[in-house]
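Worksheet: the structure to be examined is printed underneath.
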Amino acid sequence: MNGGQDETERWWERVAQGTMRSALRHPTQYWGRQWLRHLSPEDRARLTAVQVTATRPAFTAVLVGGAGMLAAVALLQVAGLAPGIGYPVWMELLAAIGVVLLAWLNWRMRSWRLRLVALMSSMVLLGVFLSVPMPGSGLVAGAQYPIRTGLFHLIPIALLALTVRAVSTLSLVLVLVALSVLRVQLHGAPPSGAALYWLYTATTVVFGLMLSGYRTDFAVEAYRVRHLLWKQAATDALTGLFNRAGWERDATRVYADAGAREAPRSLVFFDVDHFKRVNDRWGHERGDDVLRVLGQVIASRLGPDSYAARLGGEEFIVLMVDAAPVAVERFAQRVREDFAHATSELGCTLSAGIAFASRGEELAASLRRADGALYAAKEGGRDRIVVAAAPQ
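For the sequence shown, my numbering gives the first residue as 542, with consecutive numbering after it.
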């Protein structure tokens, strides 16, 4: 057990090292999160949606933490432990409450654009009341705002590390730079000088983007591994088609979605005739070859809205969506012909049962009818196709 854990740890360590090497070897791809482009458009969209969902609680936590920081600063002013920067304490506390409400909206809202507005509004409130002294607040405020700016800059670093979409990242950077310009315009450069001030602002952006790029690379690699593991778990190793687990995950969903829009749905059950004789006469290796050939024949004939699986043994199932009955029967016939030709030296044949789903019919019911039609094909002499009668 420990050996397995050690190997897993070494694997993640290699991923982390590879992520850092990518930052050095391919800086534009790293900083621009272009590793996402190595994924297909569908996978990229899915990964983006997953990351947005996964980071939403963290965004909310950071914003609530920023509100707590602002409230703590206000309470320190009340206690006389810290000078203010010109804003009444009640206004700072009200701003903290506003940030909490915006954080709650960020958690609840479904539209990412509305969440982005809530996020940017939170940043403005925190930035102004934490680090932009009120005009005319005097030297005390001027001496304080570099320290308070340091507190505020912790927030965008954390938020930049969590952003997924490029527009969110750019918006955060623009708000941060705008607040920095506002401070300088209203109060001039801090006592440490303008150069260090802008270096500090740039460092905030760079560190945030670095963490964001690192997290993105890690997310892409983790997604690839998860996708590979699921593909291995859902794929029949012998034929390359779905296994039962893969069928139940995808076909069930596709069947239900097609039913909801009242699209035609058809099930085709295939079974190799006298498969036990093949194993007994030619051996299990040749039997595996026969199943592999059948999987290849089915895959070569599948359309874009078709899903095929090996449910076990020599039983294969195909779900076809938006296909006319004549096209479904033609598909089954061509699979039978191609399979018979490919296995002619063994004399293998194929039986098939077809069920055309009726409105509102569940997948399990359609499967039973297709299975019944297959059984009828077997009873009728095999090497034939039988279409199930419509449900009563």
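No residue lacks a Cβ here, since even glycine has one placed at the ideal position from N, Cα and C. Bear in mind the structure is a predicted one, so any value in this text is a computation, not a measurement.
Would you kindly report the start and end of the unbroken beta strand (DSSP E) that includes Y848? If you number the sequence shown from 1, residue 848 lands on position 307. Counting along the chain, the beta strand (DSSP E) containing Y848 begins and ends at 847-853.
Whether T742 touches S709 by CB criterion (8 Å): The count along the sequence shown starts at 1 and reaches residue 742 at position 201. The count along the sequence shown starts at 1 and reaches residue 709 at position 168. No, they are not a contact pair.
Helix, strand or coil at G844 according to DSSP, with G and I counted as helix: Here residue 844 is taken as the residue at index 303 of the sequence shown, counted from 1. Coil at G844, not helix or strand.
In angstroms, rounded to a whole number, what distance separates the CA positions of A896 and S663? Numbered from 1 along the sequence shown, position 355 holds the residue referred to as residue 896. Numbered from 1 along the sequence shown, position 122 holds the residue referred to as residue 663. In a straight line, the C-alpha of A896 is about 57 Å away from that of S663.
Would T744 and L717 be called neighbours here (beta carbons separated by less than 8 Å)? Here residue 744 is taken as the residue at index 203 of the sequence shown, counted from 1. Here residue 717 is taken as the residue at index 176 of the sequence shown, counted from 1. The answer is no: Cβ separation not under 8 Å.
List, from N- to C-terminal side, the alpha helix (DSSP H) runs of 4 residues or more that fit wholly inside the stretch 676-720. 680-703
Note down the Cα distance separating R925 from E856, rounded to an integer number of angstroms. Taking the first residue of the sequence shown as position 1, residue 925 is located at position 384. Taking the first residue of the sequence shown as position 1, residue 856 is located at position 315. About 15 Å.
Step through the CB atoms of chain D and report whether any lies within less than 8 Å of the CB of R822. Of the chains in the structure shown, none is chain D; there is only one protein chain.
Limits of the unbroken beta strand (DSSP E) element including E856: Here residue 856 refers to the residue found at position 315 of the sequence shown. Unbroken beta strand (DSSP E) run through E856: 856-862.
Give the secondary structure of G894 by DSSP, where H, G and I count as helix, E and B as strand, and everything else as coil. On the sequence shown, residue 894 is found 353 positions in, with the first residue counted as 1. Strand at G894.
How should H825 be labelled, buried or exposed, when 16 other C-beta atoms within 10 angstroms of its C-beta is the threshold for buried? What you label residue 825 is simply residue 284 of the sequence shown in a count that begins at 1. Under this definition H825 is an exposed residue.
Between the alpha carbons of Q837 and T780, how many angstroms are there, rounded? In the sequence shown, counting from the first residue as 1, residue 837 sits at position 296. In the sequence shown, counting from the first residue as 1, residue 780 sits at position 239. So the alpha carbons of these two residues sit roughly 7 Å apart.
Counting C-beta neighbours from all protein chains within 10 Å, is the total for I688 16 or more, i.e. buried, or is it exposed? Translated into positions along the sequence shown, residue 688 becomes position 147. With fewer than 16 Cβ atoms within 10 Å of its Cβ, I688 is classed as exposed.
Over the uninterrupted beta strand (DSSP E) stretch that includes F748, give me the two end residues. For the purposes of this step, residue 748 is taken as residue 207 along the sequence shown, with counting starting at 1. Run containing F748: none in the beta strand (DSSP E); it sits in the alpha helix (DSSP H), 735-775.
Can you find at least 3 beta carbon pairs, one from the stretch 795-805 and one from the stretch 863-870, that sit closer than 8 Å? yes
Tell me the residue span of the alpha helix (DSSP H) that contains L671. One-based indexing of the sequence shown puts residue 671 at position 130. L671 -> alpha helix (DSSP H) spans 653-672.
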